[in-house]
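Take the sequence shown: its position 67, counted from the start at 1, is 48 in our numbering, and no numbers get skipped. Built from N, CA and C at the ideal position, the CB exists for glycine as well. Beneath this line is the structure, given in structure tokens, with notes to follow.
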Amino acid sequence: MKLLSNGPEETFRCGFTLGKRLGKGDTVCLFGELGAGKTTFVKGIASALGIPERKITSASFTIIAEYTGTVNKATVPFYHIDLYRLQGIAELDSIGIEEYIGRDGISVIEWAERLGEVEGSISVTFTIVAEDKREITIEGMDETGRNNL
């Protein structure tokens, strides 16, 4: 599915809409160049889970930030993983990234190309079309999820 965002507010709304369809164990992998809107999209997902937008910042210096969200009136861990500063694949083992993916929470991974393929994940690719325009391509959702975006 391809969506066109005409600015940060629309990118946020796309993230929010996707966030409303996520549940425990879901992993969302984000791809795109610097400044493409990945963190804004993450803020939208987090907001859909009841996490205040202002709490979400680029996790570039912490790699993994953990929050508590809500899905169907139940609390769920939300993991914002940012691999921008990752030095190499060996560093993934040292941070224990496998503990955060596909488990009890919802994981969103920025710069997922540094991780490689994550089985069963939803892939979101951001392409800069113009200064404020982004093409957002979402893959890996079932028909029901796609039809509700």
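Neighbour-count burial assignment, SER75, 16 or more Cβ in a 10 Å radius: exposed
Buried or exposed by the 16-neighbour rule on C-beta atoms within 10 Å, applied to MET122: buried
Between the CA atoms of GLY18 and THR(-2) - distance to the nearest angstrom: 15 Å
LEU(-15) - DSSP class collapsed to helix/strand/coil: strand
Cβ neighbour criterion (16 or more within 10 Å) applied to LYS24: buried
Nearest-angstrom Cβ-Cβ length linking GLU47 and PRO58, presumed shorter than 8 Å: Confirmed, Cβ separation roughly 6 Å.
Residues near ASN128 in its chain [Cβ-Cβ closer than 7 Å; skip 5 each side]: Unreliable positioning characterises ASN128 in this predicted model, as indicated by a pLDDT of 44, which lies under 50. A coordinate reading is not provided.
Alpha-carbon spacing of LYS114 relative to SER(-14), whole angstroms: Using only the alpha carbons, I get a separation of about 5 Å.
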